[in-house]
Every structure is written in structure tokens, then in C-alpha cells.
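Going down the list, the sequences are from chains A and B.
Sequential numbering of the first sequence, starting at 73, is according to my numbering.
Sequential numbering of the second sequence, starting at 4, is according to my numbering.
Note that CB positions come from ideal geometry on N, CA and C, so glycine has one too.
Bear in mind the structure is a predicted one, so any value in this text is a computation, not a measurement.
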Amino acid sequence: MATAPKTAAPASGRAATKKELSEHFKAYKHVWVFIEQERGQVHPVSWELMGAGRKLADKLKVDLAAVVIGPEGEATQSAAAESFCYGADLVYTVADNLLADYRNESYTKALTDVVNTYKPEILLLGATTLGRDLAGSVATTLLTGLTADCTELDVDTDCSLAATRPTFGGSLLCTIYTLNYRPQMATVRPRVMPMPERVARPIGRIVSHPLGLVEDDIVTKVLSFLPDRDSAKSNLAYADVVVAGGLGLGSPENFQLVRQLATVLGAEYGCSRPLVQKGWVTSDRQIGQTGKTIRPKLYIAAGISGAIQHRVGVEGADLIVAINTDGNAPIFDFAHVGIVTDAIRLLPALTAAFRARLSPHSRDRIAS
Amino acid sequence: MHIVVCIKQVPDSAQIRVHPVTNTIMRQGVPTIINPYDLFALEAALELRDQFGGEVTVLTMGPPSAEDSLRKALTFGADRAVLLTDRFFAGADTLATTYALATAIRKISTEFGAPDLVFTGKQTIDGDTAQVGPGIAKRLGLLQLTYVAKISALDLEARTIDAERRSEGGVQLLRTRLPCLVTMLEATNQIRRGAMADALRAARAPIVKWSAQDAGVEDISKCGLRGSPTIVKRVFAPAARSEKAALIESGEQPAEALIDAIFKRQPALETELATLARGY
Chain A
73 MATAPKTAAP ASGRAATKKE LSEHFKAYKH VWVFIEQERG QVHPVSWELM GAGRKLADKL
133 KVDLAAVVIG PEGEATQSAA AESFCYGADL VYTVADNLLA DYRNESYTKA LTDVVNTYKP
193 EILLLGATTL GRDLAGSVAT TLLTGLTADC TELDVDTDCS LAATRPTFGG SLLCTIYTLN
253 YRPQMATVRP RVMPMPERVA RPIGRIVSHP LGLVEDDIVT KVLSFLPDRD SAKSNLAYAD
313 VVVAGGLGLG SPENFQLVRQ LATVLGAEYG CSRPLVQKGW VTSDRQIGQT GKTIRPKLYI
373 AAGISGAIQH RVGVEGADLI VAINTDGNAP IFDFAHVGIV TDAIRLLPAL TAAFRARLSP
433 HSRDRIAS
Chain B
4 MHIVVCIKQV PDSAQIRVHP VTNTIMRQGV PTIINPYDLF ALEAALELRD QFGGEVTVLT
64 MGPPSAEDSL RKALTFGADR AVLLTDRFFA GADTLATTYA LATAIRKIST EFGAPDLVFT
124 GKQTIDGDTA QVGPGIAKRL GLLQLTYVAK ISALDLEART IDAERRSEGG VQLLRTRLPC
184 LVTMLEATNQ IRRGAMADAL RAARAPIVKW SAQDAGVEDI SKCGLRGSPT IVKRVFAPAA
244 RSEKAALIES GEQPAEALID AIFKRQPALE TELATLARGY
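So, in C-alpha cells, the structure goes:
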């Protein structure tokens, strides 16, 4: 979960490193995924989690359940129906018009009540602004462990959830267990897990649970909601092609070389964390553990050394191309294709060469 | 008005090095800083105090050396600093951390006045969990506003606060009641330089130092390692891919050679890129 551990060595001498699950926790069974929807839109991270949850449930030989919380009516019903297409064995719903907008108080109540009533052993949520706001409150209410931003989820031989995440600012990975508390909670960032295939299936068993609140019980009011303009939104996480730059670019002015290549490729552009910390690029363009996780078909990293915190954000790419002056940079350990050269010099040539290669004119020539 | 700002002293992650053989963190000589995200919370709190009057108390839990970060916060203009330090707090995960911090905030409440607002940063740069803010709020029964881009109104008489909260697809304008916990989003303000008078005061100011007992911790088993439901079983560096990157010679035409290598590995990309590129 949690804050970074205090030593890098396995936590020896710790009181509860053995699994001694108390009797009342033994009733906790099955794997749950919280289905996040905002204004009728299910966040894709929820389906990605269903894919991961399905694997855990199969290993544990238990059910996979989706939890859909939202307003009464079409949006919540269709989210529940979709959950079956992404592998749910059953769906819990809390449908109430007080849940039309996300509010911490009402959603925490809804999810905590369902957990306390139906007792899952594992509960997964997306590490979005909504999921993190909710997960922290629910885990604290239930006094259980919560592991944030996992990059890998597995089941150990003793049936415990083994949740792996970067630690120490992303310089190492650690595997975290919640041995003696239930549910074992974890969040995963969008795009970390692959999108599972959608299989059309009929609606299965739906268990609805009441919210049990009236509007006066909820202190926080939503005065208005301003949706992002589509043009202002970067599609970095879901882009097919991404070009990113790092400290090897040397100066903020040189970052335009990255943007120019991205434009020619119809790609999204991004950067490594140091460029955000230096203020060269805005944080919505950051790729890595604390930024966006990407799974493009092609990822070109220019002047990025490839620290672990960056690596975990790009490893899902089909093809990783690294450009770096340092042949010993860690990025060459996980790139598929690399070139040891100065990105500042190569990028303009690469942009020109791609432009020539991809122009309709040159394609006609190839065809003829 | 009384505002408590929770900060954390963290290693400057840009300078963390991992021992290549033992996979342990080489801590020697790594400078510590105030978690950068916390500075946005501190500045937001100072701005409200400047506008509405009152006091800002900074609180941290950490080793005795975390006093440095508290003094730094005082140079920015915080009025009071509280250091929660005790070996019982060591090794805390986020649940145990929120227990200790919530206990300390209750004690601050009785000693220095109940806070109207508690601020934290969005997350820390070492743990990156974003869980401590919501956890403190839950334990203290405070309402919570996370990922706040802007505090648009504060009404101390009506006891309400309006804030713009970043959500995945837009911005929620929320109104809630005080006391409330706010986690500030990054890049929402710029930490002040701090006045000379504050720097002079900070150097000599007494730091309130509390052990677990001083802070009023009733159940020591809820603190530190013992109070943490999560257990770190293994820390490791990821393995390199079995197949190293195919290196392109940077000869006469490196760009063309690189493009050839890309399309050779992923032949379908050429058509897809041409289609994508035409969209622009």
C-alpha cells in the first residue's frame, strides 16, 4: 500500500508476516472489481481490471463479481450488463439517483455496505481520481490494507493476493501482501493491464443493494460539472503511437523536436518525469509510474534513460524504440530497437524521413 | 481560522541510487526535501490565512531529522510546527500513518484550537499512494475534497467551502461543510519565497515535538509496523528482457535505418502510420 517501506530488505522481524487469518475473515470469498462510471461513461480501467480479476478468480477457483454504483436507470443497467461481457459471474448494484454524481460520502457508504454484506476477499479499483478518493476512504473505514498503483497482481500459494508495485520513487519494485485483513484491496492505473476481449453474453445474476441515504444525509453538494473540452484532453494513455522525450534533450526548446515527430506520425507526445519536475512539460504528458501508463503499438523514447518508474509505464507497448547517447542506459534493457546517438541530432532527420516515407505521394510510388 | 497542513520529508527521488548488487537503496548523501506536492497544500493554506486571518500549523511524522522540513515550512510563513516522532511509528503503512496523524491532529485541536481545514498534498513522491489524505479525513470524520485545483469560496460564518475538484472527465464544483480535509493538486499555485522575518523566526522557533504518548496514542499496536495491515514481502529490481534491444548502427543514414528496423519488426505499422499521419 502504502508509504515506501523503510528498508529495502524484506521486512524481517515484523509481527505479522505469517498468515493467521482470524475466523470472521474466513467468510470473505470471491474477487470483486469496482466498475467506475462517471456521467454514464464506464472508465475503461474497470474492464482492464475485470481481465485481471478474472485471472485471479480462476486461480482461486472463486467467482468474479462487478460492483456497479450509480443512478437508477439506463447507464447503471448497461454498465451491469457490460460487466458480464467482460467476465463477471455476478454483479452487485447500488442504484440510486443520489449517486448520479460521484461524491465521496455516498459512494463510500454504498461500497462499504456492499463489502460488509457480501464479503469479498479481494477488491480492485482503478487508480483514477475517483478510484483513489474512494479506495482510501473505504479501506480506512474497513481498517484493511490497500496497495496503490499495482503493476502486477497474482495469487500466492497460500491464496493471498500478491500485489507488486514500484517503490522508492519508482527505483525498485516491491510485492505487498495484506495477509490478515479482508478484503485485500488494490488499485491499478489505467492501461497497466491489457484490455480483455469483450464477449457478448446474456445478463447473469444481479444482486441489488439499497443505498440507504436521503439527500439531506449527504453534506457535499455538486454545484456544477464542467466537462473537459475534447480538444484540451490528451489521449496519451490510449494512443496507438507515442513519442516522448527526456533529459537527454538538454533544453526545453529541444522538446519541440519530439512534438514535431509526433505530429508527422499522428502520434501523442509525452515525457519522462524529470521534464515535468523541471517545468518543461505539463504533468498531463508525463509517462511512467506517477504519470500515464501507455500501451501503444509504437513507442519512441528520445533521450530517456529508462528508470524503473518510467519502464513500468511503457512496458505494455508492442514496439519500444530507444534513442540515447548512453549505450548502457537501462532503457536498452527493455527496448526492442535502439540506437546509440544524440536524440537532438537524430530527431529532425527521423521526422523528415518519416514524412517522406509516409506521404501519400511516396506510397503511390511504392504501389506502382 | 486554524489550518493544519500535513507534510512529509522525503528523499529527493531524483538522486536516489540503487545498489546494483544488493538492490538496496543507497541512502548516504541523498538529500531530503519537503514532498513537492505538499508545497501546493502549504501555499494554499498560507493564502487562506493571509486572506481570512488565523494560524497555520504544519505537522509531520518522521525521524528527528524531519525537523529540517518543519523549519523550512516556517520560513515560508507557517505559524507553528509539530513533529511527531517515535520509534513506534517506524515502518507504518498508510493505515498506520493515518492513525498516528489523526491522533496528533486531535491533540493539536485540544492544544491549539480545532482546525477548520486540514491540508495535504495530492500524494508523496516516495510512496505515491494518495491514500493518507482520505485516510485522515475518514478517521477524524472530516469531509474530504481531493485533487482540488482551486478553492473558489470560503465562508467562515456559514461554515462552507467551495472548491473545484479535478475528476477524470472534467471539473466538479463542490460545496461542502467545514471542517474539511483538502488535498491540493500540483501546479495550482507557487510557493512563496518567504519573508526575511519568517526566516529569522524559523531559525529560532521552538518545534513542538511529540512522542506517541505525548500525542495521546492510546493503542500503540495501531502504530508503525505492528499497526500496518500490509506487509512488504519482497523488494527487487525487474529483470532485463531476455532479448536485448537490437541496436541500429548510427552510420550514414541512421534515421532511414531506424525506420527500416521498425517496419521490419512490425510490418503492419507502415500502413497504419500512413493512415494516422493523414489524419493530421
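Distance from the CA of A/T216 to the CA of A/S232, rounded to the nearest whole angstrom, comes to 14 angstroms. Interface annotation for the stretch 166-192 of chain B against chain A: R169, S170, E171, G172, G173, V174, Q175, L176, L177, R178, T179, R180, E189 and A190, criterion Cβ-Cβ distance under 7 angstroms.
Beta-bridge analysis with DSSP links B/S170 to B/G173. Residue pairing from DSSP places A/L218 in a beta bridge opposite A/M257. For A/V117, the enclosing alpha helix (DSSP H) has its first and last residue at P116 to L132. Between the stretch 307-326 of chain A and the stretch 175-187 of chain B there are fewer than three C-beta pairs closer than 8 angstroms, too few to call the two in contact. With contact defined as three or more Cβ pairs closer than 8 angstroms, the stretch 322-333 of chain A and the stretch 407-422 of chain A are in contact.
Taking the C-beta atoms as reference points, B/T149 is found nearer than 9 angstroms to B/P137.
Beta bridge pairing from DSSP links A/V384 with no other residue. About 50 angstroms separates the Cβ atoms of B/L62 and A/I411, ruling out a contact at the 8 angstroms cut-off.
Taking a Cβ-Cβ cut-off of 8 angstroms, the neighbours of A/Y253 in chain B comprise P232, given in sequence order. Interface with chain B (9 angstroms Cβ-Cβ cutoff): A/C231 is excluded. The three-state reading of DSSP puts B/C183 in strand, counting E and B together. At a Cβ-Cβ threshold of 9 angstroms, A/L419 and A/V393 do not count as neighbours. Around the beta-carbon of A/L214, 16 or more other beta-carbon atoms lie within 10 Å, marking it buried. Three or more pairs of CB atoms, one per stretch, sit closer than 8 angstroms, so the stretch 189-203 of chain A contacts the stretch 103-112 of chain A. Against chain A, the beta carbon of B/L276 has neighbours under 8 angstroms at V313, L337, G338, L370, F426 and L430, listed in chain order. In the DSSP assignment, B/F92 falls outside any alpha helix (DSSP H) and carries neither an H nor an E.
No Cβ-Cβ contact shorter than 9 angstroms links B/V211 with A/L245. Rounded to the nearest angstrom, the gap between the Cα atoms of A/E387 and A/V264 is 9 angstroms. The DSSP assignment places complete beta strand (DSSP E) segments of no fewer than 3 residues inside the stretch 324-401 of chain A at 340-343, 370-374 and 391-396, in order along the chain. Between the stretch 9-17 of chain B and the stretch 61-75 of chain B there are three or more C-beta pairs closer than 8 angstroms, enough to call the two in contact.
For the 9 angstroms CB-CB criterion, A/P143 and A/D168 form a contact.
When DSSP reads this structure, A/T239 sits in a beta bridge with A/L244. DSSP, read as helix, strand or coil, puts B/T97 in helix. The closest CA to that of B/T100, considering only B/I139, B/Q54 and B/I111, is found on B/I139.
Runs of alpha helix (DSSP H) with 4 or more residues, each lying fully within the stretch 259-308 of chain A, are absent. Looking at the DSSP output, A/V187 bridges to nothing.
The stretch 144-161 of chain B makes no contact with the stretch 83-103 of chain B; the number of CB pairs closer than 8 angstroms stays below 3. Non-local beta-carbon contacts of B/E46 in its own chain, meaning distances under 6 angstroms to residues more than five positions away in sequence, involve N192 and I194 in chain order.
When secondary structure is reduced to three states using DSSP, B/H5 falls in the strand class. Look at B/S253: its C-beta is under 9 angstroms from a C-beta on chain A. Approximately 6 angstroms separates the beta-carbon atoms of A/W119 and A/M267; this is inside 8 angstroms, confirming the contact.
As far as DSSP is concerned, B/Q216 takes part in no beta bridge. A/G322 has no beta-bridge partner at all, per DSSP. Scanning chain B for C-beta atoms nearer than 7 angstroms to the C-beta of A/Q361 yields D131, reported in chain order.
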